[in-house]
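Q: One structure, as C-alpha cells, below. Some questions next.
2 protein chains.
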Amino acid sequence: MSDASPAANALERVRIVLCHTSLPANIGAVARAMKTMGLASLYLVSPKQFPHADAEALASRATDILDAARVCATLDEALAGTVYAAASTARNRDMSHPVLTPREAAARIVEEAQRGPVALVMGPEKFGLTVPEVNRCSVIASIPANPDYSSLNLAAAVQLFAYEIRLAAEQVERLPQQTFEAATFEEVEMLYAHLEEALLEIGFINPKEPKRLMQRMRRLFARVRLEREEVNILRGILNMAQEHARAARRQKS
Amino acid sequence: MSDASPAANALERVRIVLCHTSLPANIGAVARAMKTMGLASLYLVSPKQFPHADAEALASRATDILDAARVCATLDEALAGTVYAAASTARNRDMSHPVLTPREAAARIVEEAQRGPVALVMGPEKFGLTVPEVNRCSVIASIPANPDYSSLNLAAAVQLFAYEIRLAAEQVERLPQQTFEAATFEEVEMLYAHLEEALLEIGFINPKEPKRLMQRMRRLFARVRLEREEVNILRGILNMAQEHARAARRQKS
Chain A
1 MSDASPAANA LERVRIVLCH TSLPANIGAV ARAMKTMGLA SLYLVSPKQF PHADAEALAS
61 RATDILDAAR VCATLDEALA GTVYAAASTA RNRDMSHPVL TPREAAARIV EEAQRGPVAL
121 VMGPEKFGLT VPEVNRCSVI ASIPANPDYS SLNLAAAVQL FAYEIRLAAE QVERLPQQTF
181 EAATFEEVEM LYAHLEEALL EIGFINPKEP KRLMQRMRRL FARVRLEREE VNILRGILNM
241 AQEHARAARR QKS
Chain B
254 MSDASPAANA LERVRIVLCH TSLPANIGAV ARAMKTMGLA SLYLVSPKQF PHADAEALAS
314 RATDILDAAR VCATLDEALA GTVYAAASTA RNRDMSHPVL TPREAAARIV EEAQRGPVAL
374 VMGPEKFGLT VPEVNRCSVI ASIPANPDYS SLNLAAAVQL FAYEIRLAAE QVERLPQQTF
434 EAATFEEVEM LYAHLEEALL EIGFINPKEP KRLMQRMRRL FARVRLEREE VNILRGILNM
494 AQEHARAARR QKS
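From first to last, the protein sequence lines are chains A and B.
Residue numbering for the first sequence follows this note's numbering, starting at 1 and increasing by one per position.
Residue numbering for the second sequence follows this note's numbering, starting at 254 and increasing by one per position.
See below:
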C-alpha cells in the first residue's frame with residue numbers, strides 16, 4: 001500500500017475516537033493497535049489522564065500517534081467534519097440504530113471515507129457508550145462474542161476493527177465511485193435541532209417529552225445516510241412549516 | 254451457540270499455544286481475549302514467569318482459563334495429539350510453508366478440528382517463532398499489517414485470530430464432512446524421523462547436512478495434510494528401502 005493509494009487515503013480519513021477512557025495504558029495500547037493497521041488519527045474525548053507515562057509505555061513505537069492525538073471536551077467536537085460514525089457497543093441497548101458486524105461496519109466506514117472523514121467511536125472501559133452518544137453516530141458496530149463473557153479489552157476491540165478496516169481498504173479500488181456530497185455530522189445535527197424546534201412549533205410533539213420522538217427520527221435518518229442537498233431540502237420544508245404555524249398563530253391572536 | 258453445537262465443539266478443540274512468553278501480563282491478556290471468543294484451551298511452552306499476579310490482573314474474569322492452562326517444557330509436548338497446527342509469524346522467514354491469512358487459517362483450523370485437536374502457535378513477544386518451531390507446524394498464518402510497523406501485541410494478535418476462528422466456527426455446519434482419519438502431530442514427527450533415518454541409510458542425504466533436505470520434506474508433507482493410513486504406507490515404503498540397503502551392505506561385507 002503506497003501513501004498515495006486509494007487504500008492509504010481511506011485509512012487516513014478514519015478517526016478512532018475514545019470516549020472517557022479510564023486507563024492511560026489502554027490509550028497507548030490503542031495507538032499501537034492503530035499503527036499496526038496503518039491508522040493514525042486518534043481523538044480522545046475527555047480522557048481521565050492524558051498524556052501519561054503508561055500510555056507512552058504501552059504505545060511501544062507508536063508514540064507518534066499519541067503525540068498527534070487530539071484531546072476534545074465533547075464527542076461533538078471529535079465528530080466535527082465527519083460524514084459517518086460507527087459506535088462500538090457490546091449490544092444494542094436502545095434498538096434505535098442498525099447493528100452491523102465489524103466486517104460490515106468496516107466496509108461502510110471505508111466506503112464513506114471516500115466522501116470525507118469518518119469515525120469509529122469507542123466507549124469507556126467499564127460502561128461503554130451512553131445512549132445519547134450512540135445517537136450521535138450513524139450506526140452501531142458490535143463484535144460477535146461469547147455471550148457469557150463478551151468484554152473485550154479496549155485496545156483488543158480497536159485492533160479487531162482496525163484489522164477489518166485495513167482489509168476493507170485493500171478492496172477500496174473495487175468499490176463503485178459515488179458522486180453525491182455527504183452531509184457532515186454538524187449539518188445533520190443542525191437538521192435534528194431544526195426538526196425538534198419545528199415539530200414543537202407546529203404542535204406535533206409534546207414539549208414535556210420531545211426526546212422519544214427525536215430518537216425515532218434519528219433512527220430513521222441514521223439509516224438513510226443523508227446527502228447535503230437532502231438536508232437543505234428537509235430544512236427548507238421545516239422552514240415552510242414553521243412559517244405557516246407562525247402565520248396561524250398571528251391570525252389567532 | 255449452545256454447548257453441544259458443532260461450533261462449540263470446534264472451539265473446544267482449538268489450543269492456543271504460547272511459546273516462551275516473556276511478560277505474564279500478556280498471558281493474562283491472551284486468556285481474556287480467548288474467553289471473549291469462546292476459546293478455553295491454553296498451553297504455555299516454558300513461560301518466563303507463570304503463574305504470576307500480572308497474569309491474573311490482566312485476565313480480568315477469565316482466570317478460569319489461566320487455572321486450567323497447561324505448562325509444557327517443549328512445543329512437541331504442547332502439540333501432542335493435535336492433527337493440525339498453524340504458526341503465527343509476522344512474515345515468512347524460511348519460505349518452507351504455505352502462508353495463509355488469519356481468515357484462511359481460521360477456516361482450516363475449524364475444518365481440521367472436526368478430526369481432532371488443533372493448535373494456533375504464537376512465538377515470544379520480541380522474536381517470534383524460530384524456524385524449527387515453525388517447521389513443526391502445518392502452515393504459517395500471517396496477519397496483514399502496516400509494513401512500516403507490523404508488531405502487534407501478543408494478546409491483540411490472539412484476539413484477532415480468535416475472532417476469525419469464532420466466525421469460522423459459526424460456519425462449521427455448512428462444511429462438507431470428511432471421513433478420513435488425520436495423522437496426529439506425533440505420527441507425522443515419527444514419519445520425519447523415520448524418513449531422515451532411512452534417507453541417511455540409503456545414502457540419499459549427506460550425513461553432515463541432513464537438515465536442508467528434511468526441511469524440504471517437511472514443506473511437502475505440511476502441504477498435503479497426511480492421513481494416518483498414508484503415514485503407515487510411507488513408513489512401510491521406508492522400511493522396505495531400509496531392508497534393501499541393509500541387505501546390500503551385508504552382501505558387500
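In this text, a Cβ means the ideal position worked out from N, Cα and C, and glycines have one as well.
Would you kindly work out how many angstroms separate the C-alpha atoms of A/Met1 and A/Ala113, rounded to a whole number?
A: If you number the first sequence from 1, residue 1 of chain A lands on position 1. If you number the first sequence from 1, residue 113 of chain A lands on position 113. Confidence at A/Met1 is low in this model, with a pLDDT of 45, below 50, so the placement of that residue should be treated as unreliable; the coordinate-derived value is given next. Spanning the two alpha carbons is a distance of roughly 17 Å.
Q: Under 8 Å Cβ-Cβ, which residues of chain A neighbour B/Arg314?
A: The sequence position of residue 314 of chain B within the second sequence is 61, counting from 1. Simply Tyr149, Ser151.
Q: Would you give the residue range spanned by the beta strand (DSSP E) that A/Arg166 belongs to?
A: By one-based count along the first sequence, residue 166 of chain A stands at place 166. No beta strand (DSSP E) contains A/Arg166, which is instead part of the alpha helix (DSSP H) from 154-169.
Q: Rounded to whole angstroms, what's the CA-CA distance from A/Ser142 to B/Leu466? Just pull it up for me.
A: In the first sequence, residue 142 of chain A corresponds to position 142, counting from 1. In the second sequence, residue 466 of chain B corresponds to position 213, counting from 1. Using only the alpha carbons, I get a separation of about 49 Å.
Q: Closer than 6 Å by C-beta to A/Gly123: which residues in its own chain qualify, once you throw out the five before and the five after it? Chain order, please.
A: Start at 1 with the first residue of the first sequence, and residue 123 of chain A comes out as number 123. Counting only Cβ-Cβ distances below 6 Å, and skipping sequence neighbours, we find Cys19, Leu129.
Q: For the putative contact between B/Ile393 and B/Thr342, defined by C-beta atoms under 8 Å, what is the C-beta separation to the nearest angstrom?
A: Your numbering for residue 393 of chain B matches position 140 in the second sequence. Your numbering for residue 342 of chain B matches position 89 in the second sequence. Right, the Cβ-Cβ distance comes to about 6 Å (below 8 Å), so this counts as a contact.
Q: My output table needs one value for B/Leu487: the three-state DSSP class, helix, strand or coil.
A: The residue you call residue 487 of chain B lines up with position 234 of the second sequence. Residue state, collapsed to three classes: helix.
Q: Mind listing, in chain order, the continuous alpha helix (DSSP H) runs of no fewer than 4 residues lying wholly within the segment 193-235 of chain A?
A: The alpha helix (DSSP H) runs lying completely inside the segment 193-235 of chain A and spanning 4 residues or more are 211-224, given in chain order.
Q: For the segment 379-404 of chain B, which residues have a beta carbon sitting closer than 8 Å to at least one beta carbon of chain A?
A: Ile396, Pro397, Ala398, Asn399, Pro400, Tyr402, Ser403, Ser404
Q: Just by C-beta distance, which residues in the segment 36-62 of chain A are closer than 9 Å to chain B?
A: Thr36, Met37, Gly38, Leu39, Leu58, Ser60, Arg61, Ala62
Q: Between which two residues does the alpha helix (DSSP H) containing B/Val283 stretch?
A: For the purposes of this step, residue 283 of chain B is taken as residue 30 along the second sequence, with counting starting at 1. B/Val283 -> alpha helix (DSSP H) spans 277-289.
Q: Can you tell me where the alpha helix (DSSP H) holding B/Leu311 begins and where it ends?
A: Reading the second sequence from its first residue, position 58 is the one you call residue 311 of chain B. DSSP places B/Leu311 inside the alpha helix (DSSP H), whose first and last residues are 306-312.
Q: Who are the Cβ neighbours of B/Ile458 in its own chain at under 7 Å, not counting the five residues just before and after it?
A: Here residue 458 of chain B refers to the residue found at position 205 of the second sequence. Correct list, in chain order: Leu452, Leu466.
Q: Consider the Cβ of A/Gln171: report whether some Cβ of chain B lies at a distance smaller than 8 Å.
A: As a position in the first sequence, residue 171 of chain A is number 171, starting the count at 1. Chain B, which has no Cβ nearer than 8 Å to the Cβ of A/Gln171, makes this no.
Q: Spell out the partners DSSP gives A/Arg70 in its beta bridges.
A: Walking along the first sequence from the start, residue 70 of chain A turns up at place 70. BP columns for A/Arg70 point to A/Tyr43.
Q: For A/Leu238, is the classification buried or exposed, using 16 other Cβ atoms within 10 angstroms of its Cβ as the cut-off for buried?
A: The sequence position of residue 238 of chain A within the first sequence is 238, counting from 1. A/Leu238 is classed as buried because its beta carbon has at least 16 other beta carbons within 10 Å across all chains shown.
Q: Rounded to the nearest angstrom, what separates B/Arg503 and B/Glu496 at their Cα positions?
A: Within the second sequence, numbered from 1, the residue matching residue 503 of chain B stands at position 250. Within the second sequence, numbered from 1, the residue matching residue 496 of chain B stands at position 243. Distance between the alpha carbons of B/Arg503 and B/Glu496 is about 10 Å.
Q: Assuming B/Arg419 contacts B/Leu264 (C-beta within less than 8 Å), just tell me the rounded distance between them.
A: Position 166 of the second sequence, counted from the start, is the residue given in the question as residue 419 of chain B. Position 11 of the second sequence, counted from the start, is the residue given in the question as residue 264 of chain B. Between B/Arg419 and B/Leu264 a beta carbon distance of about 7 Å is seen, short of the 8 Å cut, so the two are scored as contacting.
Q: With a CB to CB cut of under 7 Å and the five nearest residues on each side skipped, what residues in its chain are close to B/Pro397?
A: For the purposes of this step, residue 397 of chain B is taken as residue 144 along the second sequence, with counting starting at 1. If we look at B/Pro397 and ignore the five residues flanking it on each side, its Cβ neighbours are Thr354.
Q: In the DSSP assignment, the beta strand (DSSP E) including B/Ile269 goes from what residue to what residue?
A: Indexing the second sequence from 1 puts residue 269 of chain B at position 16. According to the DSSP assignment, B/Ile269 belongs to the beta strand (DSSP E) that extends over 267-272.
Q: My guess is that A/Ile16 and A/Leu120 are in contact by the Cβ rule of under 8 Å, so how many angstroms apart are they, rounded?
A: For this step, residue 16 of chain A is matched to residue 16 along the first sequence. For this step, residue 120 of chain A is matched to residue 120 along the first sequence. At roughly 6 Å, the Cβ-Cβ gap stays under 8 Å, so A/Ile16 and A/Leu120 are in contact.
Q: Any idea if B/Ile486 is buried or exposed, counting beta-carbon neighbours within 10 angstroms, 16 or more meaning buried?
A: Within the second sequence, the letter at position 233 stands for residue 486 of chain B. Exposed: under 16 other Cβ atoms inside 10 Å.
Q: Given a threshold of 16 other Cβ atoms within 10 Å of its Cβ, counted over all protein chains shown, does B/Pro277 qualify as buried or as exposed?
A: Position 24 of the second sequence, counted from the first residue, corresponds to residue 277 of chain B. Classification for B/Pro277: buried.
Q: Starting from B/Val548, trace the alpha helix (DSSP H) in both directions and tell me its first and last residue.
A: Here chain B has residues from 254 to 506 only, and residue 548 of chain B is not among them.
Q: Grab me the residues of B/Asn388's own chain with a C-beta within less than 6 Å of its C-beta, minus the 5 sequence neighbours each way, in chain order.
A: By 1-based counting over the second sequence, the position of residue 388 of chain B is 135. Correct list, in chain order: Arg471.
Q: CB-CB under 8 Å to A/Pro47, same chain, minus the five flanking residues each way: which ones, in chain order?
A: By 1-based counting over the first sequence, the position of residue 47 of chain A is 47. Same-chain partners within the cutoff: Leu18, His20, Thr21, Pro24, Ile27, Val71.
Q: For the segment 474-499 of chain B, which residues have a beta carbon sitting closer than 7 Å to at least one beta carbon of chain A?
A: From the segment 474-499 of chain B, no residue has a Cβ closer than 7 Å to chain A.
Q: Quick one: what's got a C-beta closer than 7 Å to A/Ala169's C-beta in the same chain, skipping five residues either side?
A: Numbered from its first residue, the first sequence carries residue 169 of chain A at position 169. Within the same chain, A/Ala169 has close Cβ partners Ala7, Ala10, Leu11, Val110.
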